[in-house]
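In full-length UniProt numbering, the protein residues as written are 1 to 317.
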């Protein structure tokens, strides 16, 4: 019984081959473990699931990743699983063919065996992927910093982009009754309290880190400051100097909302937050670039002033 394309394999392999499929079927029908083939690369996985789907076999292959150490060597006692995983994930393209058979073993155990044959063998290569040149595919306007693609203006040559933080949480945006002031929070409890006070829930503006994380050295605390004269006017800053300037003007520290970065692109951040407002009359934040451009294009006397991009966040968890 042929297995229609394993998605993750076909992404990297060039074509399905009926002859390899037929050969794989013969091997599967023998119901014996075959670690090597004289002509082709081979990979085999087993499952007792009587109705195993293609995704089930993909999961079984992925499970074998634990047999491969970070430096591509095989974990002790897991050579077979390691070699199998490397063959399934080998980078070099070529023809493939897979087939499944149902096998039995005493006393009454039925097992499905999937065999895949690959035109290209990994030949005992240390790693299943090809080593390339760092930043070979950086987009226009990005520089190579410590092997990562970063915006050319930031960080400095000695800096590092860092990795995307884990376990990001949604940053909720709420408007007060006048819809001139924004409140930001990551806490459902605070969101519900603000709604009871008459604030309108405007959904999620993006995602931020709830804690400091060493994987992203560019994380900065997102500080909430309150106006000394208008309780609805809240300001959110990540720049320490900006915070000190506001403190000199009487703004009061109200807490740390979470952790963000100062520039889009740091730690794979994907959203810039735009700040608009008029002195003591309005202050709000949004992460939609088109909306920001429309506001900047307004020419009426009540149009809010663009105050810049105080921090950047992530579009998805």
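Glycine included, each C-beta is placed from N, C-alpha and C at the ideal position. Note that the structure is predicted; figures quoted are calculated from it, not measured.
Annotation for residue 82: the continuous alpha helix (DSSP H) segment containing it runs 79 to 88. Nearest neighbour of residue 199 by Cα position, chosen from 233, 167 and 222, turns out to be 233. Here residue 167 is exposed: its Cβ has fewer than 16 other Cβ atoms, across all protein chains shown, within 10 Å. Residue 171 places its beta carbon less than 8 Å from that of residue 208. Non-local beta-carbon contacts of residue 164 in its own chain, meaning distances under 6 Å to residues more than five positions away in sequence, involve 267 and 268 in chain order. Segment contact: the segment 239 to 257 against the segment 139 to 148, fewer than three CB-CB distances shorter than 8 Å; contact not assigned.
Assigned with DSSP and collapsed to three states, residue 102 falls in strand. From the listed residues 65, 181 and 201, the smallest Cα separation to residue 187 is found for 201.
Taking a cut-off of 8 Å on C-beta distances, the segment 118 to 133 touches the segment 81 to 94, as three or more cross pairs fall below it. A direct Cα-to-Cα measurement between residue 231 and residue 237 gives close to 17 Å. Annotation for residue 304: 276, 277, 278, 282 and 295 place their beta carbon closer than 7 Å to its own, counting only its chain and skipping 5 residues before and after. Annotation: the segment 253 to 303 contains the following complete segments of the beta strand (DSSP E) (minimum length 3 residues), in chain order: 271 to 278 and 282 to 286. In the displayed model, residue 108 falls within coil according to three-state DSSP, outside both helix and strand.
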